[in-house]
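Undergrad: I am attaching a structure below and will ask some questions about it afterwards.
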Amino acid sequence: MALSIDFSFVRSRKVIALAEYWRMKCNGGTWPTRGDLAPTDLKELLPNIVLSEVTRSPLQVYYRLVGTRVAEMSRLDFTGRWLHDMSPASVDPGIWHKGYQMLVESGQPVFGRTGIPIAEGSEIMLEEEFGLFPLELGVSDRFQCVAVEDYGDAQHIDPELLRAMQPR
Numbered sequence: 002m003a004l005s006i007d008f009s010f011v012r013s014r015k016v017i018a019l020a021e022y023w024r025m026k027c028n029g030g031t032w033p034t035r036g037d038l039a040p041t042d043l044k045e046l047l048p049n050i051v052l053s054e055v056t057r058s059p060l061q062v063y064y065r066l067v068g069t070r071v072a073e074m075s076r077l078d079f080t081g082r083w084l085h086d087m088s089p090a091s092v093d094p095g096i097w098h099k100g101y102q103m104l105v106e107s108g109q110p111v112f113g114r115t116g117i118p119i120a121e122g123s124e125i126m127l128e129e130e131f132g133l134f135p136l137e138l139g140v141s142d143r144f145q146c147v148a149v150e151d152y153g154d155a156q157h158i159d160p161e162l163l164r165a166m167q168p169r
């Protein structure tokens, strides 16, 4: 659907909250590390958080931790899996690869929006907004990423009705 490195693109309060926190943790323009993030500071966001490790070339994304709300809405806990081994449920499954590629190329947070079909084959979509934020790992070929996914007013939607993420 849409990707941007422009913060004005963001509408989600969850994405704004993580963006502000990430910026606060940046030290003199350098990315924070995973150790700089305190789960107690992110308590409200934890169910919507995804931690991943990104290899720059070739681009590969390994999911280290998937929050409970993300797993529920994806209908799959993809902790311990690779992005290239997954078929995301969104209408543009390639948006995740494109988002991480943009993160690698720009070195800046990436913001995105996509839709998840309410049911298989449905044209009615649940809008998902997300932010990808790089974390320093101390090696040149890899870095980590903290992401937040926001499903808006999804409390009225049974996640079992959504298209499920699938292993390939």
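Numbering (the numbering used here), first residue to last: 2 to 169. Backbone N, C-alpha and C fix where the C-beta goes; we use that ideal spot for every residue, glycine too. These figures come from a predicted structure and were not determined experimentally.
(1) Quick check: what's the CA-CA separation for Ser88 versus Thr80?
(2) Where does Lys15 land, buried or exposed, given buried means 16+ other C-beta within 10 angstroms?
(3) Contact defined as beta carbons within less than 8 Å: I believe Leu104 pairs with Pro59. What is the distance between those atoms, to the nearest angstrom?
(4) Following the continuous beta strand (DSSP E) through Leu19, name the residue where it begins and the one where it ends.
(5) For Gly132 versus Ala20, is the C-beta distance shorter than 8 Å?
(6) In whole angstroms, what separates the C-alpha of Asp151 from that of Arg82?
(7) Mind checking who Gln102 pairs with in its DSSP beta bridge?
(8) Under 8 Å by Cβ, that's how I've got Asp93 and Thr115 pegged, so tell me the actual separation to the nearest angstrom.
(9) Quick check on the DSSP output: the beta strand (DSSP E) that includes Arg65 runs from which residue to which?
(10) Which of the three DSSP states, helix, strand or coil, is assigned to Ser53?
(11) Would you mind sorting Ile125 into buried or exposed? The rule is 16 or more other CB atoms within 10 Å of its CB.
(12) Cα-Cα, which of Asp42, Glu137 and Glu128 is closest to Asp154?
(13) With Cys146 and Val71 assumed to form a contact (beta carbons below 8 Å), what rounded beta-carbon distance in angstroms separates them?
(14) Would you check if the distance between the CB atom of Gly68 and the CB atom of Leu38 is smaller than 8 Å?
(15) Would you call Glu161 buried or exposed, if buried means 16 or more other Cβ atoms sit within 10 Å of its Cβ?
TA: In short, the structure shows the following:
(1) Here residue 88 corresponds to residue number 87 of the sequence shown, with the count starting at 1. Here residue 80 corresponds to residue number 79 of the sequence shown, with the count starting at 1. Using only the alpha carbons, I get a separation of about 14 Å.
(2) The sequence position of residue 15 within the sequence shown is 14, counting from 1. Its Cβ being crowded by 16 or more others within 10 Å, Lys15 is buried.
(3) Residue mapping note: residue 104 aligns to position 103 of the sequence shown, counting from 1. Residue mapping note: residue 59 aligns to position 58 of the sequence shown, counting from 1. About 15 Å separates the beta carbon of Leu104 from that of Pro59, a gap too long to meet the 8 Å contact definition.
(4) Position 18 of the sequence shown, counted from the start, is the residue given in the question as residue 19. Here Leu19 belongs to no beta strand (DSSP E); instead the alpha helix (DSSP H) covers Arg14 to Lys26.
(5) The residue you call residue 132 lines up with position 131 of the sequence shown. The residue you call residue 20 lines up with position 19 of the sequence shown. Cβ atoms of Gly132 and Ala20: closer than 8 Å.
(6) Working through the sequence shown from its first residue, we reach residue 151 at position 150. Working through the sequence shown from its first residue, we reach residue 82 at position 81. Each residue's CA atom was taken as its position, placing Asp151 and Arg82 some 21 Å apart.
(7) Counted from its first residue, the sequence shown places residue 102 at position 101. Paired residues: none, contrary to the question.
(8) Against the sequence shown, residue 93 aligns to sequence position 92. Against the sequence shown, residue 115 aligns to sequence position 114. Cβ-Cβ separation between Asp93 and Thr115: approximately 6 Å, consistent with a contact (criterion under 8 Å).
(9) For the purposes of this step, residue 65 is identified with residue 64 of the sequence shown, where counting begins at 1. Arg65 -> beta strand (DSSP E) spans Gln61 to Val67.
(10) Taking the sequence shown and counting its residues from 1, one reaches residue 53 at position 52. DSSP places Ser53 within a strand segment (E or B) once states are collapsed to three.
(11) In the sequence shown, residue 125 corresponds to position 124, counting from 1. Under the 10 Å beta carbon count, Ile125 is surrounded by fewer than 16 other beta carbons and is classified as exposed.
(12) In the sequence shown, residue 154 corresponds to position 153, counting from 1. The candidate whose alpha carbon is nearest that of Asp154 is Glu128.
(13) What you label residue 146 is simply residue 145 of the sequence shown in a count that begins at 1. What you label residue 71 is simply residue 70 of the sequence shown in a count that begins at 1. 14 Å between Cβ atoms; not a contact.
(14) Locating residue 68 in the sequence shown gives position 67, where the first residue counts as 1. Locating residue 38 in the sequence shown gives position 37, where the first residue counts as 1. The Cβ atoms of Gly68 and Leu38 lie no closer than 8 Å to each other.
(15) The residue given as residue 161 occupies position 160 in the sequence shown. The residue is exposed, with fewer than 16 neighbouring Cβ atoms inside 10 Å.
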